[in-house]
Structures are given as C-alpha cells and as structure tokens.
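Everything on this sheet refers to the single structure shown next.
Chains as they are written, first to last, in this note's numbering: chain A, 1 to 125; chain B, 126 to 557.
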C-alpha cells in the first residue's frame with residue numbers, strides 16, 4: 001500500500017521510515033513524501049493511481065492541508081484515495097472542516113504512531 | 126553784601142547735613158557739620174560787630190572757600206562736587222570785593238553798587254546751579270529706585286523661570302518614564318501576539334524530540350535482536366539510524382532552546398548590545414513566529430510565504446531582538462493587510478521576504494499583496510500612536526518604534542512603497 005505523507009517539516013520523513021521500518025521491509029507499506037500542498041498535487045498528477053492513502057498536515061505555509069483535501073476530493077474521485085488529516089491544533093473547527101471536506105480520519109500532533117499503525121493496518125485489510 | 130557768603134556757608138553746611146541724614150556717613154559728619162554751622166553764625170555776628178566791611182567780605186568768602194576746599198577733597202562728599210563748584214564765583218566775588226575795598230577804597234566806594242550786583246548775581250547763580258544739580262540728583266535717585274525695582278523684578282522672574290524649568294524637567298522625566306513603559310508594553314503586546322506562534326514553534330521540535338527518542342528505543346531493541354541473530358550488517362545499519370536520530374533529537378532540542386531564548390530576549394528590556402547576526406536566520410525565525418501566531422488566532426487564515434534569502438550575506442552588527450521586533454511588526458502588518466483582503470473571492474494572499482546585499486547595505490524587503498496604504502495616511506504611518514486598527518487592537522507604536530530602532534539606533538533607513546488596494550512594500554536598509 002502506497003502512502004503519501006504531506007508535511008512541510010522534512011524530518012517527518014526519516015521518522016516515518018524508521019517507525020514503519022518493519023512494515024516497509026516486509027513491503028506492507030510504501031511511503032512517499034511531499035513538502036507542501038502544491039508538491040502533493042504535482043505528485044498526484046503523475047501517480048494518483050498508485051497512491052492509496054494520503055496523510056496530510058493541515059498547518060502548512062502556502063496551500064493548507066484543508067485546501068489540498070478539497071482539491072483531491074474535487075479532482076481525484078476514481079478511485080477516491082483515503083485522506084487522513086494531521087494538525088497541531090487539535091481543535092473542533094479544523095476537525096469539522098476536515099470532515100466536511102471529506103477526510104476519512106483526523107489525527108492530532110504529536111502523532112501516536114501505534115494508533116496510526118493500527119489505523120493504517122485496518123485500512124490496508 | 127557780606128551776608129551772602131555767610132548765608133551760602135550756612136546753607137551749605139545745613140544741606141550737607143540733610144543729605145547725609147539716613148546714610149551711614151551721618152554719624153561721622155553731623156557733629157562737625159553742626160559745629161561748622163554754629164561757627165558760621167557766630168563768625169557772622171562777630172565780624173558784624175568787630176570789623177569793617179572789606180574784612181567782612183574777605184572773612185566771609187574765606188570761610189566759604191575754606192569749607193568748600195575742605196569738603197571737595199573729602200571722598201565722602203564726592204556726590205556733591207557740583208554743589209561745591211557752584212560756590213566758586215560767589216567766593217571769588219567776595220575776595221575781589223574785599224581786596225578792592227581794602228586797596229582802592231575810593232574806587233570801591235564809588236562803584237560798590239556794581240560789586241553788590243555781581244555778588245548778588247553770583248549768589249543767585251549758585252542757587253540756580255544748586256537747584257539744577259538737586260533736580261539731577263532727584264532723577265538719579267528715581268533711576269536708582271527704578272533700577273532696584275527692576276532688579277527685584279528680574280530676580281522674581283528668574284526664580285519663576287527657574288521654577289518653570291524645574292517643572293518642565295520633572296515633566297520631561299515623567300514623559301521619558303511613560304515612553305519607556307509604553308515601549309515595554311508594546312513589546313509585551315507583541316509578545317502576546319507571539320505566544321501562539323511560539324507555542325506552535327516549540328511544539329514541533331518537541332514532537333520530534335519525543336518521536337525520535339521513542340523510535341530510537343525501539344531501534345535499540347531491534348538492534349539487540351539482530352545481534353542475537355548474528356546479522357551484523359543489519360545491526361550496523363540500525364546503529365547508523367540511531368546515531369542519525371540522536372542528531373535529530375539534538376537539533377530539535379536546540380531549535381526549541383533557541384525559540385525560548387528568543388522569546389526571553391524579546392520580552393526583556395532592551396539590552397542594546399549589538400552583536401554580529403545572521404539576518405537570514407533572524408528574519409526567517411520571526412516570519413514563522415508571526416505566521417503561526419496569526420494562524421493560532423485565526424485558523425481559517427492562510428497565506429503563501431515566499432522567501433528569497435540572499436546568499437553569502439555578511440553578518441551585520443545589530444541588536445537582534447530589536448531588529449526582530451521591527452521584522453515581527455512588518456510581518457504582522459503584512460499578514461493583517463492580506464487578511465483584511467482575504468474576503469475578496471479568488472484572492473491569493475502572499476507575503477514575500479527578501480534579503481540582499483546592496484552596496485554597503487543589507488536590504489530586507491517585506492512585501493505583501495494586501496490592502497495597501499491609502500495615500501492620505503502614508504505620511505502618518507510612522508507617527509507614534511497612529512493606527513488604522515480598531516480601538517484596543519493596535520498601540521499605534523509598532524512602526525514608530527521600528528523607525529526609531531532602524532533609523533536612530535542602527536543608522537538605517539525604512540522606505541515604504543504602497544498602492545491602495547494592491548499591496549505594500551517595506552524596505553529596511555542597514556549598513557554592514
């Protein structure tokens with residue numbers, strides 16, 4: 001299962017790679033990364049068929065995660081990828097907006113990787 | 126006509142006596158003057174009884190001359206020199222009359238009428254002079270009184286002015302204190318704006334610290350397993366990862382540390398110590414703080430941040446927290462301007478930060494595509510307490526303090542370009 005992680009912090013990349021070390025080695029998951037909403041859209045433009053799940057930060061400079069979510073829902077519905085939103089501000093407003101715009105799930109920073117792993121495994125089965 | 130000389134001598138002694146009254150010299154002279162008066166009277170009676178006319182004239186004028194010569198030499202009587210001089214013609218007339226009467230008695234007898242006229246005229250002239258000098262004296266006295274009054278007035282005014290000056294100094298001191306308090310409260314206000322941004326900025330590195338340490342613990346576990354299995358290569362790969370993670374932990378720990386230090390510096394009363402500073406780092410730091418600060422308050426807000434950092438810029442000697450405040454203020458203004466415009470459909474808010482080296486100056490440009498500044502208020506934006514924000518939302522000190530910091534404390538320049546409705550550009554130049 002290919003997962004695209006969108007976050008403006010570059011250091012989430014080694015973090016994901018190490019957290020999912022075993023899963024990656026066993027080819028359970030495969031990760032790709034984008035540093036901004038714009039980046040993510042460019043990536044999806046070429047590879048949206050491969051990507052099954054998108055994990056996106058909401059709070060990013062430029063295009064926000066919520067905007068990216070709307071664009072994804074608008075442009076790629078065949079098949080619709082799963083989208084999980086992540087934000088540092090775990091407030092109701094962002095949660096409501098994310099759900100309204102069609103997010104499949106909502107996570108708050110700091111990420112609970114055990115919880116995330118479980119969720120991803122539920123999705124992949 | 127011998128009576129005139131005695132009369133003149135009599136009046137002279139009396140007058141001097143009168144003049145000296147109420148002065149410190151009175152005690153010294155009044156006894157002598159009284160004696161002189163009595164001598165004059167007694168001498169007159171004596172000469173009238175005992176001597177002939179010519180002798181009367183000579184004795185009378187001699188007495189007068191004697192007194193006058195004596196008084197004229199006396200320093201104490203110097204103010205009345207004119208009075209003494211006025212007696213010379215009379216005394217002279219007396220001497221001539223007496224000598225003429227003595228030597229050529231016949232001639233005198235025939236012409237004594239003329240002598241009398243001359244003597245009387247000299248007497249009258251003397252009195253006229255006395256009156257004139259008396260008038261002068263009076264005027265002088267008036268002038269002295271006026272002078273004293275004026276001096277008193279001047280003293281009063283001087284003390285009044287001194288008092289006012291002291292009051293003004295006191296007020297100035299109060300104003301300075303108030304100004305310092307205002308500056309501090311403006312700092313605290315901007316710190317308030319920063320808090321949310323700071324929280325976000327610290328939260329991120331903290332998350333990394335936590336996550337990387339957690340994952341490293343797992344990795345150590347895994348490494349042990351691999352070693353037990355005898356897979357040395359895999360164990361080494363894991364060790365390399367752990368090392369990398371520890372570096373990341375250190376990096377993010379320092380990042381949080383830097384943010385807390387920056388916050389403390391920002392809130393502290395200015396130390397005014399200039400130190401070599403990497404302007405790109407400083408500007409980037411404050412841009413993020415400003416952005417996240419605003420985002421924390423208004424979650425629907427978003428703007429594109431474009432940064433164009435000049436490469437290989439020399440470090441410049443500045444007070445980092447002061448210039449940081451200037452930048453923070455400019456960023457906040459830009460965000461405020463694009464936020465106000467965000468209501469427009471299809472508007473893409475954008476804030477641009479550029480740094481570059483232009484000749485001997487480092488230029489920092491903060492540009493936005495927000496509401497812009499109307500021409501009629503462009504002149505006022507650097508004035509203290511000028512704000513377009515609703516009451517209670519802006520102190521109106523941001524740009525005015527920025528101006529002071531850049532222009533006065535760093536010999537720099539702030540240039541503003543703006544078009545109403547299209548955006549603004551603030552350019553700060555600071556000499557290297």
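Where is the CB? At the ideal position from N, CA and C, for every residue including glycine. If you're wondering where the values come from, they're calculated on a predicted model, not measured in any experiment.
Against residue 75 (chain A), chain B offers no close residue; the least beta-carbon distance is about 18 Å (beta-carbon pairs closer than 7 Å).
With fewer than 16 other Cβ atoms from the protein chains shown falling within 10 Å of its own Cβ, residue 358 (chain B) counts as exposed. Interface residue (Cβ-Cβ distance to chain B less than 9 Å): residue 11 (chain A) is classified as such. The beta carbon of residue 402 (chain B) is closer than 7 Å to those of 440, 441, 443 and 445 in its chain, skipping five residues each way along the sequence. Counting of Cβ neighbours within 10 angstroms places residue 109 (chain A) among the buried residues, the total reaching 16 or more. Residue 267 (chain B) and residue 260 (chain B) have their C-alpha atoms roughly 10 Å apart. The C-beta distance from residue 131 (chain B) to residue 191 (chain B) rounds to 13 Å, too long to fall under 8 Å, and the pair is not in contact. Contact annotation for residue 93 (chain A) against chain B: 424 and 425 [CB-CB distance below 9 Å, chain order]. When only Cα atoms are considered, residue 334 (chain B) and residue 76 (chain A) end up about 36 Å apart. For residue 109 (chain A), the neighbours in chain B by C-beta distance under 9 Å run, in chain order, 328, 329 and 332. Residue environment analysis places residue 68 (chain A) among the buried positions, since at least 16 neighbouring C-beta atoms fall within 10 angstroms of its C-beta. For residue 423 (chain B), the three-state secondary structure derived from DSSP is coil.
Contacts with chain A at 9 Å (Cβ-Cβ) include residue 340 (chain B). Close partners of residue 335 (chain B) in chain A (Cβ separation under 7 Å): 110.
When DSSP reads this structure, residue 548 (chain B) sits in a beta bridge with B:544.
The three-state reading of DSSP puts residue 486 (chain B) in strand, counting E and B together. DSSP, read as helix, strand or coil, puts residue 32 (chain A) in strand. For residue 19 (chain A), the C-beta contacts it makes with chain B under 9 Å involve 336, 339, 340 and 343, in order along the chain.
Around the Cβ of residue 305 (chain B), a 10 Å sphere holds fewer than 16 other Cβ atoms; the residue is exposed. Between the C-alpha atoms of residue 147 (chain B) and residue 262 (chain B) there is a straight-line separation of about 16 Å. Neighbours of residue 430 (chain B) across chain A, judged by C-beta separation under 9 Å: 61 and 62.
By a beta-carbon distance limit of 8 Å, residue 82 (chain A) contacts residue 123 (chain A). Their separation comes to about 6 Å. The contact set of residue 416 (chain B) on chain A, defined by CB atoms closer than 9 Å, consists of 61 in chain order. Residue range 51-57 is occupied by the beta strand (DSSP E) that includes residue 56 (chain A). For the stretch 459-478 of chain B, no residue has a beta-carbon sitting nearer than 7 Å to a beta-carbon of chain A.
Every alpha helix (DSSP H) stretch that sits fully inside the stretch 164-240 of chain B and reaches 4 residues is listed by chain position as 178-198, 206-210 and 213-228. Per the DSSP secondary-structure output, residue 106 (chain A) pairs in a beta bridge with A:85. Among the residues facing chain A, residue 370 (chain B) is included, as its CB has a counterpart in that chain under 9 Å away. The beta carbon of residue 485 (chain B) sits closer than 8 Å to those of 556 and 557, all from its chain and outside the five residues before and after it, given in chain order. In its chain, beyond the 5 residues on either side, 344 have a beta carbon closer than 7 Å to the beta carbon of residue 366 (chain B).
Taking the C-beta atoms as reference points, residue 464 (chain B) is found no nearer than 9 Å to residue 412 (chain B).
Secondary-structure assignment with DSSP links residue 267 (chain B) through no beta bridge to anything. In this structure, B:546 is the residue among B:546, B:204 and B:331 with its C-alpha nearest to the C-alpha of residue 474 (chain B). Of the candidates B:434, B:287 and B:424, the residue whose Cα lies closest to the Cα of residue 92 (chain A) is B:424. A direct Cα-to-Cα measurement between residue 385 (chain B) and residue 438 (chain B) gives close to 26 Å. Assigned with DSSP and collapsed to three states, residue 64 (chain A) falls in coil, not helix or strand.
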